[in-house]
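S.K.: Let me begin by handing over the structure; questions about it come next.
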Amino acid sequence: MWKFVLLKLLLLSAKLLNRLLNRLFDYSLFSGSRLERENASDYKSCVHRCRIRFRAKLGELGPAFMDNFLLTHESYDHPDVLFRDNVTLLTVTGYHALFVQGPEGFNFFGSKESPFSFITHFEFAQHLLIVSFEQFLEISRRDVPKPSANLVFISMTGRCGSTLLTQMFEELPYTLTLSEPDFLTTMIPFQGHPHSSEALVQNMDQALKGAIHLMCKDLKSRRVDNIVIKLRPVTVAITHQITQVCPQVRHVFLYRSPIRTVASYVTMVQSFSPLLYQKLFWPRGFSKMYFCLVPEGSDKQNMLADMHQKSLTHYDHVRCWTELVLAHILPCKEYRAKGWVDIYPITYENLTQEPHETMEKLLTHCHIDPIQASHCARALEKDSQRGTSISQSTLAKSRKVHFSPAELEMMEGLMAAFDFPELEHWEDIFD
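Mapped onto mature numbering (1 follows the signal peptide of the UniProt record, and there is no 0), the consecutive letters of the sequence shown carry residue numbers -18 to -1, 1 to 413.
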């Protein structure tokens, strides 16, 4: 928290200093001289390179935007810099595409630096490369080739073992992984999202295609056969659009017992009183998922709208998180049933109880030689979320969650409302 407050003070001070420099010397700390700014409209110099002087986020788990960095101008570069191995896409909004550049030879893939890519991208970036949304679309049309690697996207409910699954893929030879990068997160149509825009809505297909191709670009320094990306949970809402613009992507959906999933979520948030959580966190972020998770053409739109309204006035940890967990399963189930997405559902229970057999079937679906499944078991020997605020050692200190008979009855009612089987038969959701 203190770093975030300090960042805001530094940004305010820099803004005041910048006004003075602009007035006296026609120079900006953030965008350079007048001549540089005028030349930035040229395609050959449309990538604005800024040095990161300080960074902070209000919460470790959230996406990063420009206002999470204290930046100073360095140069305006050719789009070719975006194809360097140590540059990766951070996020795309309707206003900018943000890329981060690490030290020479730095690898933004894998779990060596952190189990989560959104942490690695934020903490290890040295430069922020800023491209206007219009120029980003132009770059994606002109200069971005189709990736040659086999692409696998993992969708999930969250708190379901997906980080473990990603690290099992990481054990495969010539395979790169990313765990919850935010390059697609802000493209999802959150109602009232401050980083959404009409331009993004109108150019969604091109933006999606460009973002995926840039994130999965061919690397110059190594052989890459597979790129496996575990997406943020809410991204399941746009799997059908991803399939339309990038049909070569193989899709996987990981989930586990709804009771265990909700218990894991409640373990994370139970340190907050329901009233405090309802007032501070729920309306600003999580509650908006009710809208963006409505599957296209679904008859559940009114039901989810009613759930959203009730969550704002009568928030309850167990009920609201049960609704969201089931809402994350809904798009996957409906798009698969309609034949829109060839998505392979897999349970955490099967993954951990029968890892070799489960991975053989999964690799076959992903067009990876199933004989390589023997490599994956090594990931089972360690805490997949080590070093983060949601590691096993951290959550073990939290009070264990036990649901009352009334809460279990409520969860059964929600399963029925989503047209899912009873809790006892949750594994039949996709049958």
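No residue lacks a Cβ here, since even glycine has one placed at the ideal position from N, Cα and C.
Under 8 Å, do T73 and T167 count as touching if we go by C-beta distance?
M.R.: Working through the sequence shown from its first residue, we reach residue 73 at position 91. Working through the sequence shown from its first residue, we reach residue 167 at position 185. Contact flag set, yes.
S.K.: Measure the alpha-carbon distance for I350 versus Q230 and round it to whole angstroms.
M.R.: Within the sequence shown, numbered from 1, the residue matching residue 350 stands at position 368. Within the sequence shown, numbered from 1, the residue matching residue 230 stands at position 248. Between I350 and Q230, the C-alpha separation is close to 13 Å.
S.K.: Give me, in chain order, the residues of the same chain whose beta-carbon lies closer than 7 Å to that of R360; leave out the 5 immediate sequence neighbours on both sides.
M.R.: Position 378 of the sequence shown holds residue 360. Contacts found: E153.
S.K.: Whole angstroms are fine: how far does the CA of Y77 sit from the CA of F115?
M.R.: In the sequence shown, the residue the question calls residue 115 occupies position 133. In the sequence shown, the residue the question calls residue 77 occupies position 95. Rounded to whole angstroms, F115 to Y77 spans 5 Å at the Cα level.
S.K.: Look at the Cβ atom of P97, then the Cβ atom of S137, and state whether they are nearer than 8 Å.
M.R.: Stepping through the sequence shown from its first residue, residue 97 is reached at position 115. Stepping through the sequence shown from its first residue, residue 137 is reached at position 155. Not a contact, by the Cβ cut-off of 8 Å.
S.K.: Within the same chain, show all residues whose beta-carbon is closer than 6 Å to that of Y330, passing over the 5 residues directly before and after it, in chain order.
M.R.: Taking the first residue of the sequence shown as 1, we reach residue 330 at position 348. Correct list, in chain order: C142, G143 and R238.
S.K.: According to the Cβ coordinates, are V307 and P240 closer than 8 Å?
M.R.: The residue labelled residue 307 in the question sits at position 325 within the sequence shown. The residue labelled residue 240 in the question sits at position 258 within the sequence shown. In contact: V307 and P240 (Cβ atoms closer than 8 Å).
S.K.: Quick one: what's got a C-beta closer than 7 Å to I34's C-beta in the same chain, skipping five residues either side?
M.R.: Locating residue 34 in the sequence shown gives position 52, counting from the first residue. The residues are F51, L53, A107, Q108, H109 and L110.
S.K.: Got a sec, what are the start and stop residues for the alpha helix (DSSP H) E305 sits in?
M.R.: In the sequence shown, counting from the first residue as 1, residue 305 sits at position 323. Segment H299 to A319, the alpha helix (DSSP H) holding E305.
S.K.: Could you tell me the alpha carbon to alpha carbon distance between S(-6) and L3, rounded to whole angstroms?
M.R.: Counted from its first residue, the sequence shown places residue -6 at position 13. Counted from its first residue, the sequence shown places residue 3 at position 21. Rounded to the nearest angstrom, the two C-alpha atoms are 13 Å apart.
S.K.: Assuming T157 and N208 form a contact by the criterion Cβ under 8 Å, report the distance between their Cβ atoms to the nearest whole angstrom.
M.R.: Mapped onto the sequence shown, residue 157 falls at position 175. Mapped onto the sequence shown, residue 208 falls at position 226. Going by Cβ atoms, the distance from T157 to N208 rounds to 4 Å, so yes, they are a contact pair.
S.K.: Could you please give me the residues that DSSP links to L275 through a beta bridge?
M.R.: As a position in the sequence shown, residue 275 is number 293, starting the count at 1. L275 pairs with nothing; no bridge assigned.
S.K.: Rounded to whole angstroms, how far is the Cβ of S122 from the Cβ of K191, which I believe are closer than 8 Å?
M.R.: Locating residue 122 in the sequence shown gives position 140, where the first residue counts as 1. Locating residue 191 in the sequence shown gives position 209, where the first residue counts as 1. Yes, they are in contact, since the Cβ atoms of S122 and K191 sit about 7 Å apart, within 8 Å.
S.K.: For N284, count neighbouring Cβ atoms within 10 angstroms of its own Cβ and tell me buried if that reaches 16, exposed if not.
M.R.: Stepping through the sequence shown from its first residue, residue 284 is reached at position 302. N284 comes out exposed.
S.K.: Cutting at 8 Å between CB atoms, please list the residues of its own chain near M393, excluding the five before and the five after it.
M.R.: Within the sequence shown, numbered from 1, the residue matching residue 393 stands at position 411. Within the same chain, M393 has close Cβ partners P240, I241, V244, V300, T304, F385 and L405.
S.K.: In three-state terms, what does DSSP make of P97?
M.R.: Here residue 97 refers to the residue found at position 115 when the sequence shown is read from its first residue. Here P97 sits in coil by DSSP.
S.K.: Pick helix, strand or coil for S356, following the three-state DSSP scheme.
M.R.: Reading the sequence shown from its first residue, position 374 is the one you call residue 356. In this structure, S356 counts as helix in the three-state DSSP scheme.
S.K.: Report back the beta-carbon spacing between F151 and V210 to the nearest angstrom; my notes put them in contact at under 8 Å.
M.R.: The residue you call residue 151 lines up with position 169 of the sequence shown. The residue you call residue 210 lines up with position 228 of the sequence shown. Yes, they are in contact, since the Cβ atoms of F151 and V210 sit about 4 Å apart, within 8 Å.
S.K.: So the candidates are T102, P337 and E389; which of them puts its Cα closest to the Cα of G92?
M.R.: Locating residue 92 in the sequence shown gives position 110, counting from the first residue. Here the closest residue by C-alpha is T102.
S.K.: DSSP three-state label for I112, please.
M.R.: Start at 1 with the first residue of the sequence shown, and residue 112 comes out as number 130. DSSP places I112 in strand when its eight states are reduced to three.
S.K.: Which residues does DSSP pair with L52 in a beta bridge?
M.R.: Counting from 1 along the sequence shown, the entry for residue 52 is found at position 70. F36, per the DSSP bridge assignment.
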